[in-house]
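Residue 131 in our numbering is what sits at position 136 of the sequence shown, and the numbering runs on without skipping anything. Idealized CB from N, CA, C, for every residue including glycine. The structure presented is a predicted model; accordingly, all values stated were derived computationally and were not measured. The structure appears right after this line, and notes come after that.
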Amino acid sequence: MDGNLWIIVSCGLAGGLALVVAGRLRGRPRAALAEAVRSSAIAELEPGRFRVIGRVVPIATSPSAVDGADCVYAESASYQAIGTGLVPLLREVAHGASAHPFYLDDGTGRVLVDPARTLIECATATADGGLTAERRVRAGEEVALVATFTTVDAAFEPGDGPYRAGATRWAPVSDAAGPPRLSHRTLASMIAPPPDDLAALMSGIGGIMFLMSSLLGLVTAFLR
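Put into C-alpha cells, the structure is as follows:
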C-alpha cells in the first residue's frame, strides 16, 4: 500500500511541477514584431506605405472619462461589481466612444488623421478600482502612424490646418494591409501585457497539485 501511495505522491509532484513550469512559460511576455516599413518625414513623403512619427495636434477634443484629459479618441466602458465570492464579477453598464479628426505634426509638416477610420493600438487606462476602463489618444501625445499615403484635395480640410482651398495634402488611406494603424510611441516594457487566463489556471492547478502531493508524502512518511 505504501508503494502505491508513493507512486501517487511522485506523480502528483511531477505533474504539479510540470503544470507550474508550463504556465510560467506560456505567461512570459512576447515581444511584438514591428512592421517592416520605412520611416519618413512628412515633408519627404511620396506615394507608398510609410511610418510617420509625430505629435497629436487637436482640432476638437472630448474629456477623458478617467481623468478629464483632452482626447481626440476615447473609447470608455463602465462596470458594476455583482455577486459575492472570492472572484468578483463585473457587468458592463455603460459604453461610449468619441473620435475627432486631428493633425499629426512631425515638425516638417502635418497629416490629417481620422481616428474613426484608423486602427488604434493603445494601452488601457483605468479608474475607480478598475470599474472604469478607457482606450484613448490624448492631445499632445507622440504617436506613430503606419499607412499608405496618397495626395488628396484639401479644399474642405477642417480646423486651422496649414492648407487652403485648391491645395493638395498627403492623407493616410486603407490598402491591402488594412486601415491606417496608429500606436503610442512607448517601450514594450512600459505596457503590461493582457493576462493569460489559461497560464494562470495551469500555474494554480499545478501549485495545488504540488502542495497536496507534498502534504500526502509528509503524512505517509510520518505514519510509517
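- Leaving out five residues on either side along the sequence, give the residues of the same chain with a beta carbon under 8 Å from the beta carbon of residue 166. Within the same chain, residue 166 has close Cβ partners 106, 107, 144, 145, 146 and 147.
- Item | Unbroken stretches of the beta strand (DSSP E), 3 residues or longer, contained in the segment 109 to 155 | Those beta strand (DSSP E) runs which fall completely within the segment 109 to 155 and span 3+ residues are 114 to 116, 119 to 122, 127 to 133 and 137 to 148.
- Check whether residue 132 and residue 67 have beta carbons under 8 Å apart: In this structure, residue 67 lies closer than 8 Å to residue 132 by Cβ.
- Return yes when the Cβ of residue 141 is within less than 8 Å of the Cβ of residue 32, no when it is not. Taking 8 Å as the Cβ cut-off, residue 32 and residue 141 qualify as a contacting pair.
- Query: To which residues does DSSP link residue 77 through a beta bridge?
  - Reply: In the DSSP output, where bridge partners are listed per residue, residue 77 has 84.
- Message: Alpha carbons only, please: which of 115, 197 and 208 is nearest the one belonging to residue 19?
- Response: Answer by Cα proximity: 197.
- For residue 187, three-class secondary structure by DSSP: Confidence at residue 187 is low in this model, with a pLDDT of 48, below 50, so its placement is unreliable and the value that follows should be read with caution. The three-state secondary structure of residue 187, taken from DSSP, is coil.
- Flag this pair as touching only if the segment 84 to 101 and the segment 116 to 123 have three or more C-beta atom pairs under 8 Å; answer yes or no. The segment 84 to 101 and the segment 116 to 123 do not touch, with fewer than 3 CB-CB distances between them shorter than 8 Å.
- Message: If you measure between the beta carbons of residue 50 and residue 100, is that distance less than 8 Å?
- Response: Their beta carbons are under 8 Å apart, which means residue 50 touches residue 100 by this criterion.
- Do you know how far the Cα of residue 61 is from the Cα of residue 73? Computed Cα separation, rounded: 10 Å.
- Task: Would you mind sorting residue 102 into buried or exposed? The rule is 16 or more other CB atoms within 10 Å of its CB.
- Result: Residue 102 counts as exposed, since fewer than 16 other C-beta atoms from the protein chains shown sit within 10 angstroms of its C-beta.
- Message: Using the Cβ count rule (16 or more neighbours within 10 Å means buried), how would you classify residue 70?
- Response: If you draw a 10 Å sphere on the C-beta of residue 70, you find 16 or more other C-beta atoms in it, and that means buried.
- Given a threshold of 16 other Cβ atoms within 10 Å of its Cβ, counted over all protein chains shown, does residue 39 qualify as buried or as exposed? With fewer than 16 other Cβ atoms inside 10 Å of its own Cβ, residue 39 counts as exposed.
- Task: Return the first residue and the last residue of the beta strand (DSSP E) that residue 52 is part of.
- Result: First-last of the beta strand (DSSP E) with residue 52: 43 to 53.
- Measure the C-alpha to C-alpha separation of residue 207 and residue 9 and round it to an integer number of angstroms. Take the alpha-carbon of residue 207 and the one of residue 9: they are about 12 Å apart.
- Message: Considering only their Cβ atoms, is the gap separating residue 111 from residue 53 smaller than 8 Å?
- Response: It is not a contact, given that the beta carbons lie outside the stated cut-off.
- Task: With DSSP as the reference, label residue 15 as helix, strand or coil.
- Result: Correct three-state label for residue 15: helix.
- Message: Within the continuous beta strand (DSSP E) that includes residue 59, where are the two ends?
- Response: Counting along the chain, residue 59 sits inside no beta strand (DSSP E), nor does DSSP assign it H or E at all.
- Among 12, 6 and 3, which one has its Cα closest to the Cα of residue 199? Closest option to residue 199, Cα to Cα, is 12.
- Given that a residue counts as buried once 16 or more other Cβ atoms are within 10 Å of its Cβ, and exposed if not, what is residue 41? Under this definition residue 41 is an exposed residue.
- Task: May I have the straight-line CA-CA distance separating residue 109 from residue 63, to the nearest angstrom?
- Result: So the alpha carbons of these two residues sit roughly 21 Å apart.
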